[in-house]
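Contents: one structure, followed by commentary.
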Amino acid sequence: MTTYAAPVTGVVPGRQRGWIPVTTPAVPTVWVSTAEGIISIDVVAVELAINGLRDGWTLTSDEAAYAADLLFRRGVLYSVIAHRVGVSGETLRKWFPTDDTPLRDALARIRTRAPAARASSAVEPIRCGTLPGYRRHQRRKEPQCEACRRARRAADRHFRAHGTYVGAPEVPA
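Residues in the sequence shown are numbered from 265 upward in steps of one, following my numbering.
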């Protein structure tokens, strides 16, 4: 039987903030029915691997595929998945052929289109008599105009009533 050393933090393994939960640790082995047959998955090992605590031991191929699938659903990068699960990027592409591109390739394509998209969209200038206008005066260390001071007071009243600045009224300049 393989034992897994959890970090000594005073918190039950799998309950730390930021961990990706797999299932309850009370049931460490799960039997999954697939097209190839029934497979056994040690969910404690999968959870430790997903959260980056795989050190000195390896997952079975079924456990690695299950862990990789959970990480893909979370939107984790290919390189991080490959490192945490302990497989190569080519293996990930064989397992998940429909997840066609790693995130870094998709971002490279987005960056090439971004300047053209920004050039076509018109950005409204910040006007006095609005909360962004008041904040612009503050950022520039300028004295606030009367319209911006009234807009700030109206926005504060709106925040106290609604709990948000979204939809705060604008004051005519």
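Ideal Cβ placement from N, Cα and C applies to all residues, glycine included.
If we count the other Cβ atoms within 10 Å of its Cβ and call it buried at 16 or more, is residue i buried or exposed?
i	result
Val307	buried
Gly427	exposed
Arg404	exposed
Gly397	buried
Ala425	exposed
Tell me the rounded alpha-carbon separation between residue i and residue j.
i	j	result
Ala411	Val430	19 Å
Asn315	Val349	10 Å
Gly320	Ala313	11 Å
Glu354	Ala346	9 Å
Thr394	Arg338	38 Å
Ala419	His401	16 Å
Leu356	Ala332	8 Å
Leu334	Pro361	16 Å
Ala240	Phe423	As displayed, the chain neither begins before 265 nor continues past 437, which places residue 240 out of reach and without an answer.
With DSSP run on the structure shown, which of helix, strand or coil describes residue i?
i	result
Ser352	coil
Gly397	helix
Trp295	strand
Ile390	coil
Asp420	helix
Taking a contact to mean a Cβ-Cβ separation below 8 Å, would you say residue i touches residue j in this structure?
i	j	result
Val351	Ala328	yes
Arg421	Val435	no
Ile302	Asp326	no
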